[in-house]
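In order, the protein sequences belong to chains A and B. Note that our numbering has the first sequence beginning at 1, numbered continuously upward. Note that our numbering has the second sequence beginning at 1001, numbered continuously upward. Where a beta carbon is used, it is the ideal one built from N, C-alpha and C, also for glycine. Structure first, then comments.
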Amino acid sequence: MSSPLLALPSAEAERPRLLVRTGVLLAISSATMLFGGLLAAYLHLRRTVAPWPPEEVAIDQYFGNMAALTMLLGVVPVEWACHALRRGLTRQAMSGLAVAIGLGVAFLNLVSYSAGQVGFDAASHPYGLVVTALVMVLSVCVAVAVAMLTLTLVRAAGRQQGPADTEQARVAACWWHFTVVATAAVWYAVVVLQ
Amino acid sequence: MTETRPAAAGPPNEVAPSPAPSRGTLLSTSDHKRLGLAFLAGALAFLVVGGVVGVVLRAELAAEGVDVVGGNYRRLFGMHATVTALLVIAPAWVGLATHVVPLQIGAGRIAFPRLTAFALWTYLLGGGMAVVAYIAEPPAGFGFTSADPTAAVPGGASEVTALLIAGVALVAAAMILAALSLAVTVLRLRAPGLTLARLPMFSWASLLTAVVTLLATPVFLAGLVLFYLDQRFGGTLFAGNPGGPAIWQHTVWLYGRPEIYLLLLPGLGVACDVAATHAGRPLVSQEAARAGLTGFALLSLGAWAAGQGVADALVLPTYSVLTALVALPTGLVLLVCLATLATGRPRPHPSLLFAGGAVLLLGFGALQAVVAGAVGVDGAAWTTGHVHTVAFGPPLLLLAAGVYHWAPKLFGDQLPDGAGRAAFLALFGGLLLSGLGSYLLGYDGAPARLADFPFTGNGSTYGGLAALGALLTAAGVLAVGAQVVRAAAAKSTVASAPDPYGGLTLEWATASPPPPHGFDAVPEVRSAAPLADLRQAEAEATGV
């Protein structure tokens, strides 16, 4: 018996859904708006309140530059891990992920340390409040990136990520790259534009 | 692009095996249908809370010298505004979309059920925190109806103020997460053949709403983060700082303007689907309706240009133009619906009444805007009427239209027609009277947000009219709520007809109520009306 008008070939492979990747791209657009709001508040203060930084505050460029550089350096091992996973090189992928996780933790440690060195806080000055909010949100984003990379590392170790499925790694990489851009924006606005 | 109906459609495609969502308890379920119903139940509960407070406020204003709430007027006003603006309509749309959209697109699931479940509980927790904050003691003047942020008290805010801000922030975060899950569902889980150009209008409107929510709500969240820190650490930003208020105004405005439009956008999608289904024919122009909805969403972002109430407005000259332009896509969508009904064979259904009532209210509000522009308005009470008539009334009626329309999928059976008509009369009449009373008070010069003020002219009559309207509205809400609760509690084990209306879109291809896995088989999709194609193919095959 023939079936004359079946529209879809039954043997067609199921198309990849890429649910998580689409979700993370949308999340990145939301997070961009969040940072945009906070950066706009910071720039508005610069225009209406006082020059940045306030007189009693000394911004140590070394800490800021090192923090931005630390995040930027992470791009290489993250991409290395994705590339290695695509080629089935699990050990190399795990190494890349471990290095990137280390750099993320180092960034969080550096931010935590330098926050205590700046000499002002949220209670002391409008700038202190807005910069605290910026750094706090950025730190949360980096912590999320570290968590995603750690999950990818565990899944790679368990052979759940490999040439057949690298979506988790790709998603973690996308989020990492977003945090690098966000860090660069905060770094440029707070550290460079003085 | 105009699609033509294929000569014949093939038999249903067996659904690709996908794991059935875990039903479990409500706490652990990943079934989008139960999550959607839970969102709707939460929104209904908050509507009752906000509505009761609104009726009490109206009673206070019914006549000069009446004292119902003592010194708590501003506290109750803030509670009413916060609860009804943030905790009712938008979460209810999320609930309806979470339940219906996966069925409309032929998916057996939502993209991220755990994320949606997390959003549900975050919303309920945040909303509960906001209500508790108002009940515990008056938060420090905080309200979303004010363009001026509350200056923190030296040394940090009261705990209830912090609780309120944290609660609202949680609700905002929940809306972002739920929107993310919905957007990915529509973008990635559509049935084969169901292109974006063939999406049912409610799904299309839900996608647009989700995208705008993902862009606008984070800005509001940024403002709330600053606000919380300011309150928590003693108020360096908003107290005595010349730049502070503008920051708050912009972050609230950037969210608030699109949010007002987003309350209506899914409703326009509902109106399209209701009109097409009950007219028994596809929309006269899918493209025009789709363009209208898209234009509406884009212009909601265009309204980011602020009005005169906001300091240092970014694009002030465009504000009025962009706001007025929203009437064009709205009118286009409504014209398409009317043309569809006029050229089809409409069957009476309560959902049509609710949708028609929403259109009438929108027209009434637009007329008042024209009148106010011509004669000038002295009293701020006019704004109260306009907010209730345009921003709250039509979305509420369209939400009711959606619930009545999709009741077979939501609850397993249709809601009773007679009771639905009675509820419509109460709800529509109440909103109309309440709006009319406030409009007339405004023309009479009455202020807003004051517990008591001297009436002039026919002020007491207008106040009484508005109070009567509020009571009728509350009765309508309770009537709809009672029918919904009764239907949900019935838990009928006997499935009713899958397609009681002769529907056109995929949700009518599955059982009522749908099984946990959504579909046993999804019909082949070759146009925007796959079920009409299927019926045509069956008619040709059987020679009927």
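With respect to the 8 Å criterion, G1234(B) and A123(A) are classified as neighbours on the basis of their beta carbons. Ranking T183(A), V190(A), L193(A) by CA distance to the CA of T70(A) puts T183(A) first. Approximately 10 Å separates the beta-carbon atoms of L1115(B) and S1030(B); this is outside 8 Å, ruling out the contact. Bridge partners of D165(A) according to DSSP: G162(A). Proximity of P1218(B) to chain A, defined by a Cβ-Cβ separation below 8 Å, is satisfied. Taking CB atoms only, P126(A) has a neighbour in chain B less than 8 Å away. When rounded, the separation of the alpha-carbon atoms in A1532(B) and L1504(B) is 5 Å.
V186(A) is positioned such that its CB atom lies no closer than 8 Å to that of I59(A). The beta-carbon separation of L1506(B) and A1191(B), rounded to 7 Å, stays under the 8 Å limit for a contact.
In this structure, the CA atom of A1276(B) is about 16 Å from the CA atom of A1509(B). In the structure shown, the three-state DSSP call for S1285(B) is coil. Between V1212(B) and L1096(B), the C-beta spacing is not below 8 Å.
By the Cβ test, the stretch 1378–1398 of chain B is not in contact with the stretch 1331–1345 of chain B, since fewer than three Cβ pairs between them sit closer than 8 Å.
Looking at the DSSP output, S1512(B) bridges to S1496(B).
Take N1458(B), set aside five residues on each side of it, and the residues of its chain with a beta-carbon closer than 8 Å to its own are L1440, D1444, in chain order. The beta carbon of G1234(B) sits closer than 8 Å to some beta carbon of chain A.
With distances taken between CA atoms, G1193(B) lies nearest to G1106(B) out of L1120(B), V1270(B), L1268(B), G1106(B).
As the crow flies, the alpha-carbon of G1344(B) is around 28 Å from that of A1426(B). Residue state for H1278(B) is assigned as helix, using DSSP reduced to three classes.
A1119(B) places its beta carbon less than 8 Å from that of A1178(B). Listed along the chain, the chain A residues whose CB falls inside 9 Å of the CB of N1241(B) are L45, T48, V49, P126.
Between the stretch 1350–1363 of chain B and the stretch 1402–1416 of chain B there are three or more C-beta pairs closer than 8 Å, enough to call the two in contact. Here V1485(B) is exposed. Its C-beta has fewer than 16 other C-beta atoms within 10 Å. Membership of G96(A) in the alpha helix (DSSP H) is indicated by the continuous run 90–117. Closest in C-alpha terms to F63(A), from the list Q160(A), A172(A), L108(A), L151(A), comes L108(A). With distances taken between CA atoms, L45(A) lies nearest to N1241(B) out of P1408(B), N1241(B), L1341(B).
Here D1067(B) is exposed. Its C-beta has fewer than 16 other C-beta atoms within 10 Å. Y113(A) is classed as exposed because its beta carbon has fewer than 16 other beta carbons within 10 Å across all chains shown.
Legend: CB atoms of the stretch 1100–1125 of chain B lying less than 9 Å from CB atoms of chain A belong to residues A1111, F1112, L1115. Among the residues facing chain B, S112(A) is not included, as its CB has no counterpart in that chain under 8 Å away.
Contact with chain A is absent for R1075(B), since none of that chain's Cβ atoms lies less than 8 Å from the residue's Cβ. In the DSSP assignment, E1538(B) falls within the unbroken alpha helix (DSSP H) covering 1530–1542. Contact between the stretch 83–103 of chain A and the stretch 155–165 of chain A is present: three or more C-beta pairs spanning the two stretches fall below 8 Å.
Out of S1512(B), A1470(B), P1523(B), A1497(B), the CA that lies nearest to the CA of L1057(B) is found in A1470(B). Annotated as proximal: G23(A) and F1112(B), with beta-carbon spacing under 8 Å. DSSP places W1121(B) in the uninterrupted alpha helix (DSSP H) bounded by 1113–1136.
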